[in-house]
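A short write-up of the structure that comes next.
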Amino acid sequence: MKLRRIVFISLLIAIASILGYVESLIPITLVPGVKLGLANIVILFSIYHFKWYEALIITLIRIVLVSLVLGSFLNVGFFMSLSGGLLSYLLMVLLKNIKNISILFVSISGALVHGLGQISVAIIVMGASQVIYYLPLIMLLSIPTGVIVGVLVRELNKHIKLEKEEIE
Amino acid sequence: MNSDKAKKIIPVIILISAVVIISLILLIITRHKKNEEIVAKIYYENSVIYEVDLSKEDDVRTVEVELKEGLVIKIEVKKDAIRVIDAPCKRKDCMKMSWTSSPNKPIVCLDLHYMIILSGKSDYDVVIE
Ligand SMILES: [Zn+2]
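Protein chains in written order, with the working numbering: chain Y, 10 to 177; chain C, 9 to 137.
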């Protein structure tokens, strides 16, 4: 792996972590513990520009770093982020490779699963089906989030081109 | 070119519509029926610790609820609404949620693992696995 590439990945981890931290400050406390998924900007970007395992590394390190900063490592909030982050990563990687699927579709699906992944952990851990009342709100919120993330990454893709040798 | 664009935008529109429709259906299903008595229940470790009929409340009053020995939260209740005003948790998410008067907005504390859930008196009882 080229040094430039490692530096670039570290930079993306840093940006993703900052986004993850910032969004934990946004009070959408309608739904405590649930994050919008703005860090998906970086994850989606890396899915399009890096190998699948590199994007996965960025996702995982971001989640652990943010939870360490928030002091939520290994508690409910952490597992909610982990579940949401991994599920949306997986779905976005799968969808990205399907022909005729736009980045907007990938992004909205990712945001949706990001919310669903978080809420299912909340349901399992809190042991109550009542958390399901959150579901409609989370689903609706995932549309604007997904659109914002998708449009931003689409614009980024137009302007940022990694040189061939960097992709290798 | 144009049909290519359409091919890409149609799935997006279908996806968004599906999400909106499903959420609205869920909202309608879970919405509290109006003019019914609202009961708030505080859950801790899979059991109801405290229960209050909010429709019978009048002025704001403060209640201390002991979740378990040494673990006390302070709540306020008034007509058809409830909120947490003090809890020994780190994030204080439960307090930040402020007043709730709807089953669609339960109060959940991820630190202390307690929940305050509102329901109509005649609603089905809570199923906890
Ligand atoms: Zn709390």
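Note that beta-carbon positions come from the ideal geometry of N, C-alpha and C, so glycine has one too.
Rounded Cβ spacing between N109 of chain Y and K76 of chain C (contact assumed at less than 8 angstroms): Actually they are not in contact, since the Cβ atoms of N109 of chain Y and K76 of chain C sit about 56 angstroms apart, beyond 8 angstroms.
DSSP-derived helix/strand/coil call for D69 of chain C: For the record, residue 69 of chain C in the displayed sequence is Arg; it is not Asp. Looking at R69 of chain C - three-state DSSP - the assignment turns out to be strand.
For V164 of chain Y, three-class secondary structure by DSSP: This sequence places Glu at residue 164 of chain Y; Val is not what is there. In this structure, E164 of chain Y counts as helix in the three-state DSSP scheme.
Test item: CB-CB of S76 of chain Y and F87 of chain Y under 7 angstroms: yes
Short CB-CB distance (under 7 angstroms) between T38 of chain Y and chain C: Low local confidence applies: a pLDDT of 47 at T38 of chain Y is under 50, so the model's placement there is unreliable, with the coordinate-based value given in what follows. Output row for T38 of chain Y: interface = yes.
Contact list for the segment 77-97 of chain Y against chain C, Cβ threshold 9 angstroms: L79, G80, S81, N84, V85, G86 and M89
D61 of chain C - DSSP class collapsed to helix/strand/coil: Note: D61 of chain C maps to strand in three-state DSSP.
Sufficient close CB pairs (3 or more, under 8 angstroms) joining the segment 43-55 of chain Y to the segment 84-98 of chain C: No, they do not touch.
Proximity below 7 angstroms, CB of L104 of chain Y to CB of V20 of chain C: no
Top-ranked residue by Cα proximity to I72 of chain Y, from Y:I27, Y:A120 and Y:G124: Y:I27
Y143 of chain Y beta carbon less than 7 angstroms from that of I128 of chain Y: yes
Partner residues on chain Y for T70 of chain C, Cβ-Cβ distance less than 8 angstroms: By Cβ distance, chain Y contributes nothing, its closest Cβ being about 22 angstroms from T70 of chain C, past 8 angstroms.
Those residues which DSSP pairs with R91 of chain C across a bridge: C:E84
Min CB distance K15 of chain C to chain Y below 7 angstroms: yes
CB contact flag (I152 of chain Y, I24 of chain C, <7 angstroms): Their beta carbons are under 7 angstroms apart, which means I152 of chain Y touches I24 of chain C by this criterion.
Sub-7 angstroms separation of V51 of chain Y and I24 of chain Y beta-carbons: yes
Where M103 of chain C falls: helix, strand or coil (DSSP): Helix at M103 of chain C.
Reduced DSSP secondary structure (H/G/I, E/B, other) of S109 of chain C: Coil, per DSSP.
T108 of chain C at chain Y interface by Cβ criterion, 7 angstroms: no
Check whether K98 of chain C and D67 of chain C have beta carbons under 7 angstroms apart: No, these two residues do not count as a Cβ contact at 7 angstroms.
Any alpha helix (DSSP H) of 4 or more consecutive residues that is wholly inside the segment 80-159 of chain Y: Scanning the segment 80-159 of chain Y from its first residue to its last, the whole alpha helix (DSSP H) runs of 4-plus residues come out as 85-105 and 112-135.
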